[in-house]
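Numbering (UniProt numbering), first residue to last: 1 to 134.
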């Protein structure tokens, strides 16, 4: 049975969407990833989708509110906001909580920043999930 991970942020348009897409593409045989935000932007940032496509991931994301998942059980809940600059949401549901601070690439709107955050997510999150697979 697949383990479940929730990526949590505020807007659910960039970082958490990229993390969801990367995990489902790279570790989809052992993990099911979803993402949500406390104040969803209502869209997935086009540059987030573009940098995912560059590494062969086609993501049909949807900006989702955390309320959709309040009754779901997760093995891990990972906040991906930059705690120094943003208010990171607290998850009231089940699941081990982990925090990773990734800067918000939408603040600069620079495609290079989106690539940098995408690569940081891959470097940080995939080994964490591999380590927590069983």
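Ideal placement from N, C-alpha and C gives every residue a C-beta, glycine not left out.
When rounded, the separation of the alpha-carbon atoms in residue 118 and residue 7 is 14 Å.
Every alpha helix (DSSP H) of 4 residues or more that sits fully in the stretch 24 to 77 is shown, in chain order, as 46 to 54. Following the DSSP letters along the chain, one finds residue 2 in no alpha helix (DSSP H), marked with neither H nor E.
For residue 15, no pairing in a beta bridge is given by DSSP.
For residue 96, the uninterrupted beta strand (DSSP E) segment begins and ends at 96 to 99. Taken atom to atom, the span from the alpha-carbon of residue 2 to that of residue 111 is near 33 Å. Rounded to the nearest whole angstrom, the CA to CA distance from residue 24 to residue 113 is 22 Å. The bridge partners DSSP lists for residue 128 come to none.
When beta bridges are read from the DSSP output, residue 9 appears opposite 37. In this structure, residue 17 lies away from residue 56, with their beta-carbon atoms at least 9 Å apart. The Cβ atoms of residue 75 and residue 12 lie no closer than 9 Å to each other.
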